[in-house]
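Residue 155 in our numbering sits at position 42 of the sequence shown, and the numbers go up by one each step.
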Amino acid sequence: MTTIQKALLWAAAILVAAIVATATGLSDAASFGVIAGLSGAAVGSIYGGRSSRAGCLP
Numbered sequence: 114m115t116t117i118q119k120a121l122l123w124a125a126a127i128l129v130a131a132i133v134a135t136a137t138g139l140s141d142a143a144s145f146g147v148i149a150g151l152s153g154a155a156v157g158s159i160y161g162g163r164s165s166r167a168g169c170l171p
């Protein structure tokens, strides 16, 4: 799966979560937590496989 495909899937998931959070009446703080968590997971998923050896112990 390419980086663009991963980014589009994560963006869709984040938008759906935001819509569901609004529709169910989730509080602002709770919906922020859900969206922030999904955003962090997206960044980790997209860039997680691109770690360099810099900073790693031999």
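By construction, the Cβ of each residue, glycine as well, lies at the ideal position given by its N, Cα and C atoms.
Cβ-based neighbour list, A125, same chain, cut-off 6 Å, excluding 5 preceding and 5 following: Against the sequence shown, residue 125 aligns to sequence position 12. Answer for A125: no residue qualifies.
Going by DSSP, what residue range makes up the alpha helix (DSSP H) through L139? Along the sequence shown, read from residue 1 onward, the residue named residue 139 stands at position 26. From DSSP, L139 is part of no alpha helix (DSSP H); its letter is neither H nor E.
Would you check if the distance between the CB atom of W123 and the CB atom of I159 is smaller than 8 Å? Walking along the sequence shown from the start, residue 123 turns up at place 10. Walking along the sequence shown from the start, residue 159 turns up at place 46. Yes, Cβ-Cβ distance for W123 and I159 is below 8 Å.
Rounded to whole angstroms, what's the CA-CA distance from L121 to I127? Just pull it up for me. On the sequence shown, residue 121 is found 8 positions in, with the first residue counted as 1. On the sequence shown, residue 127 is found 14 positions in, with the first residue counted as 1. If I take the Cα positions, the gap works out to 10 Å.
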